[in-house]
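Residue numbers (the numbering used here), protein chains in the order written: chain P, 156 to 687; chain A, 51 to 378; chain F, 4 to 316. Quick reminder that beta carbons are idealized off the backbone N, C-alpha and C, glycines included. What follows is a single structure, written as C-alpha cells, with notes after it.
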Amino acid sequence: MKMTPILRRARAGLLAGVAATALVVSGSVAMAETIRWARVTDALTMDPHSQNEGPTHTLNHHIYETLVGRDDDGTLTPRLATQWGISEEDETVWVFTIRDGVKFHDGSDMTVEDVVFSLDRARTPPSGMAALHAAVEEVTAVDESTVHVRMAGPAPLYVQNLTNTFIMSKAWAEANGVEAAPNFAAGEEAYSVRNTNGTGPYRLVERDPEVRTVLQVFEDHWDDAPAVTEIIYTPISEAATRVAALLSGEVDIVQDVPVQDIARLEQTDGIRVVRGPENRNIFFSYDMSSETLASSDAATNPFAEPLVREAMALALDRNAIRQVVMRGESQPSAAPLPPFVNGWTEEMDAFGDPDLARARELMEEAGFADGFSVRLDCPNDRYLNDESICQALVGMMAQIGIRVDLNAQTRSLHFPLIENWETDFYLLGWGVPTFDSQYVFDFLVHTREGSYGSFNGSRYSNPELDAKIEALATMTDLEERDALIAEIWAEVMDERIFLNVHNQVLAYAMRDSISLDVHPENQPRMTTVSFD
Amino acid sequence: MIAFILRRLLQSVMVMLTVALVAFALFRFVGDPVASMVGQETTLAERAEIREALGLNDPFPVQFVKFIARAVQGDFGISYRLQQPVMELILSRLPATLELALVSGVLAFAFGVGFGVYTALRRGNWLSGTIMTVSLIGVSLPTFLIGVLLIWVFAVELQWLPSFGRGEVVQVGNWWRTGLLTESGRASLILPAITLGLYQMTLIMRLVRAEMLEVLRTDYIKFARARGLSNRAVHFGHALKNTLVPVITITGLQMGSIIAFSIITETVFQWPGVGALFINSVRFVDVPVMAAYLMLIALVFVVINLIVDLLYYAVDPRLRVDRANARS
Amino acid sequence: MTDFTPEDRPNAFARAWDSDIAWSFRHSPLAIVAAAVSLLIIAAAIFAPWLAPHDPFNPASLNLMDGFTPPMQPNQFTGNVYWLGTDNQGRDVFSTILYGARISLFVGFMAVLFAMVLGITLGLIAGYRGGWIDSLLMRIADVQLTFPAILLALLIFGVARGFIPPSMRDAMAIWVLIVAIGLSEWVNYARVVRGAAMVEKSKEYVQAARVIGVHPARILIRHILPNVMGPVLVIATIGLALAIIAEATLSFLGVGVPSTQPSLGTLIRIGQGFLFSGEWWILLFPSLTLLALALSVNLLGDWLRDALNPRLR
Numbered sequence: 156m157k158m159t160p161i162l163r164r165a166r167a168g169l170l171a172g173v174a175a176t177a178l179v180v181s182g183s184v185a186m187a188e189t190i191r192w193a194r195v196t197d198a199l200t201m202d203p204h205s206q207n208e209g210p211t212h213t214l215n216h217h218i219y220e221t222l223v224g225r226d227d228d229g230t231l232t233p234r235l236a237t238q239w240g241i242s243e244e245d246e247t248v249w250v251f252t253i254r255d256g257v258k259f260h261d262g263s264d265m266t267v268e269d270v271v272f273s274l275d276r277a278r279t280p281p282s283g284m285a286a287l288h289a290a291v292e293e294v295t296a297v298d299e300s301t302v303h304v305r306m307a308g309p310a311p312l313y314v315q316n317l318t319n320t321f322i323m324s325k326a327w328a329e330a331n332g333v334e335a336a337p338n339f340a341a342g343e344e345a346y347s348v349r350n351t352n353g354t355g356p357y358r359l360v361e362r363d364p365e366v367r368t369v370l371q372v373f374e375d376h377w378d379d380a381p382a383v384t385e386i387i388y389t390p391i392s393e394a395a396t397r398v399a400a401l402l403s404g405e406v407d408i409v410q411d412v413p414v415q416d417i418a419r420l421e422q423t424d425g426i427r428v429v430r431g432p433e434n435r436n437i438f439f440s441y442d443m444s445s446e447t448l449a450s451s452d453a454a455t456n457p458f459a460e461p462l463v464r465e466a467m468a469l470a471l472d473r474n475a476i477r478q479v480v481m482r483g484e485s486q487p488s489a490a491p492l493p494p495f496v497n498g499w500t501e502e503m504d505a506f507g508d509p510d511l512a513r514a515r516e517l518m519e520e521a522g523f524a525d526g527f528s529v530r531l532d533c534p535n536d537r538y539l540n541d542e543s544i545c546q547a548l549v550g551m552m553a554q555i556g557i558r559v560d561l562n563a564q565t566r567s568l569h570f571p572l573i574e575n576w577e578t579d580f581y582l583l584g585w586g587v588p589t590f591d592s593q594y595v596f597d598f599l600v601h602t603r604e605g606s607y608g609s610f611n612g613s614r615y616s617n618p619e620l621d622a623k624i625e626a627l628a629t630m631t632d633l634e635e636r637d638a639l640i641a642e643i644w645a646e647v648m649d650e651r652i653f654l655n656v657h658n659q660v661l662a663y664a665m666r667d668s669i670s671l672d673v674h675p676e677n678q679p680r681m682t683t684v685s686f687d
Numbered sequence: 051m052i053a054f055i056l057r058r059l060l061q062s063v064m065v066m067l068t069v070a071l072v073a074f075a076l077f078r079f080v081g082d083p084v085a086s087m088v089g090q091e092t093t094l095a096e097r098a099e100i101r102e103a104l105g106l107n108d109p110f111p112v113q114f115v116k117f118i119a120r121a122v123q124g125d126f127g128i129s130y131r132l133q134q135p136v137m138e139l140i141l142s143r144l145p146a147t148l149e150l151a152l153v154s155g156v157l158a159f160a161f162g163v164g165f166g167v168y169t170a171l172r173r174g175n176w177l178s179g180t181i182m183t184v185s186l187i188g189v190s191l192p193t194f195l196i197g198v199l200l201i202w203v204f205a206v207e208l209q210w211l212p213s214f215g216r217g218e219v220v221q222v223g224n225w226w227r228t229g230l231l232t233e234s235g236r237a238s239l240i241l242p243a244i245t246l247g248l249y250q251m252t253l254i255m256r257l258v259r260a261e262m263l264e265v266l267r268t269d270y271i272k273f274a275r276a277r278g279l280s281n282r283a284v285h286f287g288h289a290l291k292n293t294l295v296p297v298i299t300i301t302g303l304q305m306g307s308i309i310a311f312s313i314i315t316e317t318v319f320q321w322p323g324v325g326a327l328f329i330n331s332v333r334f335v336d337v338p339v340m341a342a343y344l345m346l347i348a349l350v351f352v353v354i355n356l357i358v359d360l361l362y363y364a365v366d367p368r369l370r371v372d373r374a375n376a377r378s
Numbered sequence: 004m005t006d007f008t009p010e011d012r013p014n015a016f017a018r019a020w021d022s023d024i025a026w027s028f029r030h031s032p033l034a035i036v037a038a039a040v041s042l043l044i045i046a047a048a049i050f051a052p053w054l055a056p057h058d059p060f061n062p063a064s065l066n067l068m069d070g071f072t073p074p075m076q077p078n079q080f081t082g083n084v085y086w087l088g089t090d091n092q093g094r095d096v097f098s099t100i101l102y103g104a105r106i107s108l109f110v111g112f113m114a115v116l117f118a119m120v121l122g123i124t125l126g127l128i129a130g131y132r133g134g135w136i137d138s139l140l141m142r143i144a145d146v147q148l149t150f151p152a153i154l155l156a157l158l159i160f161g162v163a164r165g166f167i168p169p170s171m172r173d174a175m176a177i178w179v180l181i182v183a184i185g186l187s188e189w190v191n192y193a194r195v196v197r198g199a200a201m202v203e204k205s206k207e208y209v210q211a212a213r214v215i216g217v218h219p220a221r222i223l224i225r226h227i228l229p230n231v232m233g234p235v236l237v238i239a240t241i242g243l244a245l246a247i248i249a250e251a252t253l254s255f256l257g258v259g260v261p262s263t264q265p266s267l268g269t270l271i272r273i274g275q276g277f278l279f280s281g282e283w284w285i286l287l288f289p290s291l292t293l294l295a296l297a298l299s300v301n302l303l304g305d306w307l308r309d310a311l312n313p314r315l316r
C-alpha cells in the first residue's frame, strides 16, 4: 500500500469530510452523552508505558491506541496497524502496516516514526511493558507506512503481546522530556503522568488522581464517532458505597460489582447487569519440591506426595464455592486457564464430584492419616471474594485432616511471598493476556531461572518440560506447536501442580438505558457503549 | 518568656523527630514497595535494580538522615503509586480534609455545647435522659457502620443526599479547592460531617454537662443567684462562660484526632482527602506518602499544642508549669 | 475524659463504696439494666463453648452449603435450621456472636488492663518523683496523643509484621491489638494518677513516712493509689467500651483478628458487605450485640462517674 504524501493527505481530508457529514446527518443521535463510570481503583498513571496494570491500561485505551486491538472473543483486530504478519523473507521479522490519516490530540499527524519511538520506549526499562518485548532486537521504519520489528528468533505470537502497548507522539515526548518511561527513583514527576497526547477517541481534559478524571470525545479521531461524548471516571474503593452510588443514580456504570449485590441490582428498576467470563483463573498451589515445609508440623513435605495432592483435589468442592461464596457467579474449572486461551480442552477442565471417603483413604495411604498443619497465604483485596474462597478451602481441607491456618493479607504483602518462595500454600489468580498457554508455562511451570518461572511458587522443576516450554517460543508450525502444548498440559495436569478453583466471571452494572458488553480482560471501552 | 518559648519549640522539634523515626522505622517493615510498583512479568533482577535505585538497600541510619534532610525542605519524594510529588499530592488533598474536619468540628461543638447545657440544666428530665442515652449510641457503634447506615438511609432509600465524593468544587486561589460554595458540595458534606462529628459531639456534650454541673455548685454562682440575677443570666452569662475555657481547649486539641479519624469517614464516603490517600497508600505500601502523612498529623498536633501552651501562658503564667489537669 | 480531679474528693471512693454507691445503684434503674445487660453478654461470652450450639472456630464442623441460611428457616440445600441464620461461610450467626464477643471482650479487658498498669505506674513515678522524669514522661504522653489508636495500631501492626514470622501472625494479631489499643489509652490513667500523686506527696503523713524510711514504692501503693481508684475505675469502664469499638474500627481497616476467628467487629465488617443484598441478619445481630455491650458499659461508666462524685448526687 504505497501512497504519495499528497494523496494520503487528500484521503485523510476526504475521510474527515465524510465523518463531518455523518455527524451532521445523525445530529439528533450524536447529542452530548456523558457517562459517569465508577470502579474500585484508579489508573496508576497516564503514562502509556510506565505500568503494566489492568486499570491503568483500561483508562489509557480511551486516550491512546495500540497497533492491534482485541475483540471480546479474543481475536485480534486492526487498530493503528491495518495489517500485520511475519515477513516472507525472514521469519524473525514482523511487518506492520500503519494506518493513514491518524491525528494526535495536539493536531499533529501520526507517523511511522512515532510507532518506532513508542515501541522502543515501551521495550526499554524502566518501562513496565519491557518484559513483553524482551525478544525484540530492533524496530525500524522501512517506508512511510511500514514498520519492521526484528526479533531475536522466530516469534510467531509476538503480535499477541502488543494489545496494551500504546503509541505516543515522538515530538511531544521530546518536547516534554519524557523520551523514556518515568522512573520512580528520579525524584520528580514526569510530564506524561498527568498529561497525554494520544490518538485515541477521547482527550484527557481533567486528571485528579483517585478523585476524578474527565475525558471528552476527540473530534478528529479516525474511526466512527462514539455515542459517549464525555466520560467522568471516579474510583470508589468501598464496595457498599460503590453500589450505593449506582442505586442512588450518582453514577451510570459500576465496573467492579460485588457478587452478592448482583441479584439485588438486577431486581432494581432502571438498573441492568451484564456478565461475561473474565480472562482470569483462580487456583491454589503449593510447594511440592522442598524436603520439609516451614509452616507445617509434618516431618516430611506432604505436598511432595502425589496421593496428598490427589486427596486435596477430591476434597475441594468447586460447586459449593460457586454456589455459596460466588453466588453462582463463576465457572468452576480444573485447569488453570480460561476456555478461550489456546491450549484449553474440555477434558482437562472437567472434574468429578468431591469424594471425602476416597480422599481420606488416600491421605492414609500417603502416611498422613492424622493429617498435618500448614499455613495458607491468601490475598484479601485482589480477586473476587479471594479471602472467602480461602476460608471455604480451610473448611474443606479440615474434612480430610489438613489443619489450615489462614493468613489473609493485602496484595502488596501477599505476592512477594510467592515471588520469594516464602509460602508453602497459596492462592493465585492468573490472566493470560496473550491468549496462549505459553504465557502460563513461562511464568508458572518453568523452573525459576532468568525471566522464567517468576511466579512458580510450587518450586516445580522438570528439565524435560522446561526444554519443551522453551521450544514453544520459536515454533512457527502452529499445528506442531499446539500438539506440544497439549503434551505439556498433560504432564502439568498429571502432576497436579495446581489445585484449580474457577474462572472469574465479570459483572458490570449500569443504568438500563445503557448497553455495554463485558470485556474478557476487564478493560471495557466506552466507545462500545450504546444508548437505548 | 523567651526561654519558655524556646524550650517549648525545642520540645516540639524533639516530638517531630521521634515521630519521624517511628514513622520511618515502620516503613522498613510494611510490605515490599517494589512488589506493588511492578507488574507480574518483572524479573527478579529488574526488581533488585529498582530496589537499589530507590535506596532501599542503604543502611537504616543513612536512609533516615536522607529522609529527614529532605523532609525539612518539604520534599517527601515521589509517590511510588501515583508518581507525583508527595507534597503536592498532600497539599491538593488537604483542603478536602480540612473542610470536612472543620465543618464536623463546628457541628460537634455547636450541638455538643447545646445539648450539654440543656442536659446540665434539666438534669433528671426525661428529654435530657434520652439525649444522654442516645448520644452514647454515637460512641457505641463503630464509625464505619454509622457511615454505611447513613448512606443506606439517606442516599439509597430516601435519595436525599449524595453517597460519595465532594460534589462540585470551585478553585479558590492556587491551592484551595472548596466544596463549600456549590450546592452539591454542601450536600455532599452533610453525611460525612455527621459521621465524623458524632463521636466528638458526644465527647463535648458530656464535658460541657459535667463542667456546668461543677460550676453551678460553686459559691460564685450561688452569690450570683443571691444577687437576684435571672436564671438565664446566671446560666449563660456566668456558668457557661466559665465552662467554655476548658471545652474550647479540648475541642482544639481534638482537631488533630478528627483529622486522623477522618481516615475511616473518608474511606466510607470516598471523600478525596488525605485520610483516604493515606489508607490507599498503606494498601499499596506507598512509603513516601505514608511518611509524609504521619509527619503532617504530628505537625498539626504539635502546632495546636504549642498554640494552646502559649495561650495558657499568656492568660495565666501560673499554669505554664502544668496544664495537664486542665485538659486531661 | 476526666472532668474531675482527685483533690475534689479526698478518699471519696473508700468512703462511698459501702453505702452511697450501693444506694445510688439501687436507685438507678438505668444502671441496673446496664449492669444486667453487660453481665449477661460477658457471661454468655465466657461460657460460649458450653452455650453455643456450634463451634464456628472449628473449620471441620462447617458445611459451606449451609451458607446464607435465613434465621429460623431451613437451608435450601441442607435443610438445617439456625436461630439467627448463618453467614457467608455457613457459620451459625448465634454461635459466632458468642465466640466473637469472647474475643472482643478479651481484647477489651486486656487492653484496659495493659493501659491501666502502664498508666498508673508511669503516672505514680511522674507525680512522685517530679523533675526531669516527670517532664520526660509528659512529653512522651504528648507524642502519644499525636497518634490516635487507629494510627498507632496501623503503625504497630506494620512493625510487628517485620518481626513476627508469618506462621505466628494469627496468634500474635490479638496481642498486637491489645498493645496498640492499650498504648493509646494509658495517658488518661497517667494524668489522673500523676495529679493525685503530686497532691498527696506533699501531705504531712507522706512526708512523715518518708522520714522514718518507708520505701517510696510502699508509700505510693499504700497511700496514694487508693485515692485514685475511683477515677481510675471510671476511666477503665469507659476505656473498655472504647477498646471494643476501637477493635471493631480497626477490623474495618483490615487490621485485626483473622476472619477464621472473628471478633464482633470483624463480624460487622463482613456483615456490612451484605447490607444491600438482603442477608440482613449477618449484619444486624452482631451489630445489636456490639451496641448493647458498648452502650451498657458506657452507661455503667456514666453512672459510676456521677455516683463517685458526691457533689453531683
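- In the structure shown, Q659 of chain P falls within a strand segment according to DSSP collapsed to helix, strand and coil.
- Per DSSP, P534 of chain P is one residue of the beta strand (DSSP E) stretching across 527–534.
- Cα atoms of L43 of chain F and L599 of chain P: separation of roughly 54 Å, rounded to the nearest angstrom.
- With a threshold of 8 Å between beta carbons, P192 of chain A makes contact with chain F.
- Taken in chain order, the complete alpha helix (DSSP H) segments of 4 or more residues contained in the stretch 404–476 of chain P are 417–422, 461–470.
- Contact note: A418 of chain P reaches chain F through S280, G281, using a C-beta cutoff of 9 Å and chain order.
- Close CB contacts of V366 of chain P within its chain, under the 6 Å cut and outside five residues either way in sequence, are absent.
- Here G93 of chain F carries a coil assignment [DSSP, helix/strand/coil].
- For A183 of chain F, there are no neighbours in chain P by C-beta distance under 8 Å, as the nearest C-beta there is about 17 Å away.
- DSSP, read as helix, strand or coil, puts M265 of chain P in coil.
- Annotation for H226 of chain F: E203, Y208, V209, A212 place their beta carbon closer than 8 Å to its own, counting only its chain and skipping 5 residues before and after.
- Proximity of I254 of chain A to chain F, defined by a Cβ-Cβ separation below 8 Å, is not satisfied.
- Contact of P261 of chain F with chain P by beta-carbon distance below 8 Å involves L561, N562, A563.
- Taking H212 of chain P as the centre and dropping the five residues before and after it, the same chain places the C-beta of N319, Q678 closer than 7 Å to its C-beta, in chain order.
- Of the residues P:V294, P:R362, P:R278, the one whose Cα lies closest to the Cα of H288 of chain P is P:R278.
- In the three-state reduction of the DSSP assignment, P309 of chain P falls in the coil class, being assigned neither a helical nor a strand state.
- Residue-level contact by beta carbon fails for I45 of chain F and chain A, as no gap is shorter than 8 Å.
- Residue state for D591 of chain P is assigned as strand, using DSSP reduced to three classes.
- Distances from the CA of S392 of chain P to each of A:N330, A:L266, A:L290, A:P192 were compared; the closest alpha carbon is that of A:N330.
- In the DSSP assignment, no residue is bridged to G215 of chain A.
- When 7 Å is used as the limit between beta carbons, V198 of chain A is near these residues of chain F: Q275, L278, in chain order.
- Under the DSSP assignment, I271 of chain A falls in the alpha helix (DSSP H) whose first and last residues are 269–276.
- Using beta-carbon distances, Q659 of chain P does not count as an interface residue toward chain F, since no partner is under 8 Å.
- Cα atoms of A514 of chain P and P322 of chain A: separation of roughly 51 Å, rounded to the nearest angstrom.
- For the pair G268 of chain F and L286 of chain F, the CB atoms are not nearer than the 8 Å cut-off.
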